[in-house]
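Remarks on the structure that follows.
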Amino acid sequence: MSATAAISTSRPAGSRPDIAVLGGGLSGRLLAWQLIRVGARVALYERGDADGSSAAGWVAAAMLAPLAEAAVAEPSIVEMGAVGLERWPALIDGLPEHVFFQRNGTLVVWHQPDRAEAVMFDRRMRANAPPELLRGGVERISGAQLKDVEPALAGRFQEGWLLPNEGQLDNRQLLRALAAGLAKAGANLHWHTEIGEGEYPDAGLVIDCRGLGAREALTQLRGVRGEVVRIHAPGIGLRRPVRLLHPRYPIYIAPKENDLYVIGATELESEDMSPMTVRSALELLSAAHSLNPAFGEARIVELNVNCRPALPDHLPRVQWDGARLLRVNGLYRHGYLLAPAVTGEACALAQALMQTKGAPSGSADAFDWETWRASRPWPELFRQA
Numbered sequence: 001m002s003a004t005a006a007i008s009t010s011r012p013a014g015s016r017p018d019i020a021v022l023g024g025g026l027s028g029r030l031l032a033w034q035l036i037r038v039g040a041r042v043a044l045y046e047r048g049d050a051d052g053s054s055a056a057g058w059v060a061a062a063m064l065a066p067l068a069e070a071a072v073a074e075p076s077i078v079e080m081g082a083v084g085l086e087r088w089p090a091l092i093d094g095l096p097e098h099v100f101f102q103r104n105g106t107l108v109v110w111h112q113p114d115r116a117e118a119v120m121f122d123r124r125m126r127a128n129a130p131p132e133l134l135r136g137g138v139e140r141i142s143g144a145q146l147k148d149v150e151p152a153l154a155g156r157f158q159e160g161w162l163l164p165n166e167g168q169l170d171n172r173q174l175l176r177a178l179a180a181g182l183a184k185a186g187a188n189l190h191w192h193t194e195i196g197e198g199e200y201p202d203a204g205l206v207i208d209c210r211g212l213g214a215r216e217a218l219t220q221l222r223g224v225r226g227e228v229v230r231i232h233a234p235g236i237g238l239r240r241p242v243r244l245l246h247p248r249y250p251i252y253i254a255p256k257e258n259d260l261y262v263i264g265a266t267e268l269e270s271e272d273m274s275p276m277t278v279r280s281a282l283e284l285l286s287a288a289h290s291l292n293p294a295f296g297e298a299r300i301v302e303l304n305v306n307c308r309p310a311l312p313d314h315l316p317r318v319q320w321d322g323a324r325l326l327r328v329n330g331l332y333r334h335g336y337l338l339a340p341a342v343t344g345e346a347c348a349l350a351q352a353l354m355q356t357k358g359a360p361s362g363s364a365d366a367f368d369w370e371t372w373r374a375s376r377p378w379p380e381l382f383r384q385a
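Following UniProt numbering, the residues of the sequence shown are numbered contiguously, the last one being 385.
Structure below.
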């Protein structure tokens with residue numbers, strides 16, 4: 001969170017909010033939570049329910065794995081993800097409901113015929129990850145060591161990597177806890193309320209976190225379909241998320257509380273929101289079975305689909321219109337990894353704009369955009385429309 005001074009809250013009760021957040025998925029809720037914690041009067045508008053069941057963030061494993069993602073993501077994603085991983089405990093702290101957060105690392109394994117995938121994964125990971133993240137962040141393990149690291153996989157793989165500093169959380173618990181925290185903190189919450197383009201509520205600033213709902217304004221935005229299986233598998237006892245490398249269907253399996261596992265994730269260039277295909281279900285479940293045959297006795301709880309908002313460069317964006325509208329979008333497949341850094345930067349920008357407007361004779365015209373942008377850790381995150 002920015003070290004900028006808190007926004008003044010001297011306005012009388014019932015006056016218009018300092019900030020209206022449009023979209024109550026992961027980004028909208030997390031941004032609203034940070035804003036209200038620095039003293040802003042916040043209104044949140046979400047077309048779905050308080051649980052977040054219509055949000056892309058509802059269909060996710062919420063793994064916090066910057067090193068593992070370095071194999072498929074750009075260096076800036078890795079850097080923001082590393083910051084996000086460190087910030088999550090403080091963001092969760094103070095929420096009125098329990099949120100499962102674990103930092104037992106990530107285990108990466110592969111079957112021997114797929115060892116070439118492991119070589120490529122290692123090369124890409126080391127090319128995109130900063131040296132400080134790699135130091136102490138990658139441990140090569142033998143098949144013999146695997147029985148101590150992950151007993152459920154003992155004897156099944158000849159080698160692997162442990163990325164000991166990575167983590168995960170429970171996405172659905174988090175979405176519900178954020179809603180409860182905002183309500184308790186006095187945010188003005190509008191569930192089941194869809195805001196159309198240009199039909200913005202009256203507020204000092206409006207921050208658009210609608211994901212694909214903002215496509216009318218962000219015409220390059222597209223949806224990328226993801227499919228996830230949730231299963232209940234008592235007795236297996238994985239201790240941490242596991243990534244299985246494969247040339248056709250690399251998967252992850254993330255163990256949550258109460259023997260629940262999240263298996264994903266397909267990535268399809270499609271905005272089709274219809275139910276999961278048989279092929280995807282077979283590939284995800286077959287890969288899990290190959291990891292440990294005991295998954296064959298698990299019970300399928302859900303087959304889920306949603307589309308994640310992506311921009312052409314697959315990088316997130318915080319965009320300012322030069323007046324009172326910000327847009328936060330494009331978190332793509334890295335939502336839970338990037339959200340703390342991206343929404344933290346959006347929070348800092350909102351604070352700076354509100355303080356400029358609140359100063360004597362202040363207005364957005366007085367805000368030195370280029371100087372402010374250059375002072376931030378990721379200036380490329382910001383755009384001005």
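The beta carbon of each residue, even a glycine, is placed where N, CA and C say it ideally should be.
- Taking all protein chains shown into account, I92 has 16 or more neighbouring C-beta atoms within 10 Å of its C-beta and is therefore buried.
- Here E283 has Y249 as same chain residues with Cβ atoms under 7 Å from its own Cβ, once five neighbours each way along the sequence are excluded.
- Taking a cut-off of 8 Å on C-beta distances, the stretch 298-307 touches the stretch 223-236, as three or more cross pairs fall below it.
- In the DSSP assignment, I236 falls outside any alpha helix (DSSP H), carrying neither H nor E.
- Under a 10 Å Cβ-count criterion, P255 is classified as buried, with 16 or more other Cβ atoms of the shown protein chains found around its own Cβ.
- Judged by DSSP secondary structure, Q384 falls within the beta strand (DSSP E) whose first and last residues are F382 to Q384.
- If you ignore the 5 residues before and after T106, its C-beta comes within less than 6 Å of the C-beta of A65, A68, L163, E166 and P241, all in its own chain and listed in chain order.
- Annotated three-state conformation of G167 is strand, per DSSP.
- In the same chain as L205, and ignoring 5 residues on each side of it, the C-beta atoms closer than 8 Å to its own belong to D18, I19, A20, R324, L325, L326, A350, L353 and M354, in chain order.
- A distance below 6 Å between beta-carbons, with the five flanking residues on each side excluded, links A60 to the following residues of its chain, in chain order: N171.
- In the structure shown, R299 falls within a strand segment according to DSSP collapsed to helix, strand and coil.
- In the DSSP annotation of this structure, A265 is not part of any beta strand (DSSP E), being labelled neither H nor E.
- Residue A287 holds the alpha-carbon nearest to the alpha-carbon of I253 among W161, A287 and L221.
- The beta-carbon separation of I36 and A187, rounded to 6 Å, stays under the 8 Å limit for a contact.
- Here DSSP, grouped into helix, strand and coil, assigns V206 to strand.
- In the DSSP assignment, I92 falls within the unbroken alpha helix (DSSP H) covering P75 to I92.
- The count of Cβ pairs closer than 8 Å, one atom from the stretch 75-84 and one from the stretch 336-348, reaches three, so the stretches are in contact.
- Straight through space, the alpha carbons of R373 and P379 are spaced by roughly 5 Å.
- Secondary structure of T193 (DSSP, three-state): coil.
- Buried is the label assigned to R308, since at least 16 other Cβ atoms lie within 10 Å of its Cβ.
- Taking the CA atoms as reference points, S54 sits about 42 Å from S142.
- In the structure shown, V38 adopts coil according to DSSP, grouped into three states.
- Segment contact: the stretch 152-160 against the stretch 20-34, fewer than three CB-CB distances shorter than 8 Å; contact not assigned.
- Here the stretch 266-283 makes contact with the stretch 213-226; the two share three or more CB pairs at distances below 8 Å.
- For V149, no beta strand (DSSP E) segment is defined; the enclosing uninterrupted segment is the alpha helix (DSSP H) at G143 to V149.
- Less than 8 Å separates the beta-carbon of A129 from that of A70.
- DSSP, read as helix, strand or coil, puts V119 in helix.
- In the structure shown, R47 adopts coil according to DSSP, grouped into three states.
- Here R41 is buried. Its C-beta has 16 or more other C-beta atoms within 10 Å.
- In the DSSP annotation of this structure, the continuous segment of the beta strand (DSSP E) that includes A254 starts and ends at I251 to P255.
- In this structure, Q319 is the residue among Q319, R279 and N304 with its C-alpha nearest to the C-alpha of L311.
- Looking only at G196, A294 and T219, the smallest Cα-Cα distance to L22 is reached by G196.
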